[in-house]
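See below for the structure under consideration.
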Amino acid sequence: MYKLMSGLLTCLVLAGCGGGSDDQFSKNNYATQSCPSNMTCGFMKAPKDYNNPNGEQVDIYYGVHKALDPANRIGSLILNFGGPSAEAVVGASKMATYALPQEILNRFDIVGMDPRGTGQSANGLCSSEKQRPR
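Here the sequence shown is numbered in this note's numbering, starting from 135 and rising by one per residue.
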């Protein structure tokens, strides 16, 4: 039990630590035209090819539904709807509107990111089986 509690406490402490620079987020590139009304949306940069992280970058679209009780905010809840081809920004907006309990909405920012090739995110990098590292 001690190990379990120690592990959980460590995770909570690390979750509250700063993540460093926000340079990968494009604060001036908001997509307000199609952003759901209950979200704040924008783009963040990600490597087009994770085997070449310093190479070409692509835009990943994200949306955040802010915690309704910021003074008692715990953190962020990132929703991933699986796939294929699920737009997570729209899905997260609908979950915040119709499905999530008030206690969750009060204490967590609800985050959705459109996977590559869906919604407003850039297309993904596809390669043939021969090109993939083993």
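For each residue, glycine too, the CB sits at the ideal point set by N, CA and C.
> Relative to the alpha-carbon of ASN214, which residue among ASN206, GLY197, ALA205 and ASP183 has its alpha-carbon at the smallest distance?
Replying inline: Within the sequence shown, residue 214 is the residue found at index 80, counting from 1. Out of ASN206, GLY197, ALA205 and ASP183, GLY197 has the C-alpha closest to the C-alpha of ASN214.
> Helix, strand or coil: which one does DSSP assign to ASN162?
Replying inline: Taking the sequence shown and counting its residues from 1, one reaches residue 162 at position 28. Any reading at ASN162 must be qualified, since the residue scores a pLDDT of 40, below 50, and its modelled position is unreliable; the value itself is stated next. Coil.
> If you follow the beta strand (DSSP E) that LYS179 is part of, which residue opens it and which one closes it?
Replying inline: Position 45 of the sequence shown, counted from the start, is the residue given in the question as residue 179. Per DSSP, LYS179 belongs to the beta strand (DSSP E) from 174 to 181.
>> Can you check which of these residues, GLY216, ASP248 and ILE212, is closest to LEU239 by C-alpha distance?
In response: Numbered from its first residue, the sequence shown carries residue 239 at position 105. Nearest C-alpha to LEU239: ILE212.
> Out of SER227, ARG250, SER255 and ASN257, which has the shortest C-alpha to C-alpha gap to MET173?
Replying inline: The residue given as residue 173 occupies position 39 in the sequence shown. Out of SER227, ARG250, SER255 and ASN257, SER227 has the C-alpha closest to the C-alpha of MET173.
> Ordered along the chain, which non-local residues of its own chain (more than five positions away) have a Cβ less than 8 Å from that of ASP243?
Replying inline: Taking the sequence shown and counting its residues from 1, one reaches residue 243 at position 109. Within the same chain, ASP243 has close Cβ partners VAL198, HIS199, LYS200, ALA201, ARG207, GLY209, SER210 and LEU211.
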